[in-house]
Amino acid sequence: NGPWPAVIFYMDGLDIRPALFEMAQRMADGGYVVLLPDLFYRAGRYEQLDPVVIFASSDVRGAIGHLMASTDNRRAAEDTTALLAYIDTRADVAGK
């Protein structure tokens, strides 16, 4: 029924994968509105990354460098500003 507190749950250096969805769901089950933004959206469509394969590679930077290059602190801050503005429009979010 709400309203509920909101959480912006940022992905780590790989991508949004099932483990992150599970963590976000646990927070939602605990009574939070959870936003899980894809910070690599500027890179366009990409295949889901397998952390085991990526970190077994001798060229991790080569495997994910194009994704990492698609964002930086300024862009992430702009995304955060947009997410906070979106949260402010939600009637189901508390503590605005």
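Quick note on this note's numbering: the sequence shown kicks off at 19 and runs consecutively.
No residue lacks a Cβ here, since even glycine has one placed at the ideal position from N, Cα and C.
Here the structure is a predicted model, which is why all the values come from computation and not from measurement.
Under 8 Å between C-beta atoms of residue i and residue j
i: Arg-63; j: Ser-88; result: no
i: Ile-34; j: Leu-53; result: no
i: Val-51; j: Asp-97; result: no
i: Leu-67; j: Leu-32; result: yes
i: Pro-23; j: Gly-80; result: no
C-alpha gap between residue i and residue j, whole angstroms
i: Asn-91; j: Pro-21; result: 31 Å
i: Pro-36; j: Gly-48; result: 18 Å
i: Asp-56; j: Ser-75; result: 23 Å
i: Ile-72; j: His-84; result: 13 Å
i: Met-86; j: Asn-19; result: 38 Å
i: Ile-105; j: Ala-95; result: 15 Å
i: Gln-43; j: Phe-58; result: 21 Å
i: Arg-116; j: Thr-107; result: Since the first residue of the chain shown is 19 and the last is 114, residue 116 is not available in this structure.
i: Ile-82; j: Thr-99; result: 25 Å
Beta-carbon separation (whole angstroms), residue i vs residue j, contact threshold 8 Å
i: Met-29; j: Leu-38; result: 6 Å
Discussion item. Could you tell me which whole beta strand (DSSP E) segments of length 3 or greater appear in the segment 20-84?
Written reply: List check, beta strand (DSSP E) in window: 24-26, 51-53.
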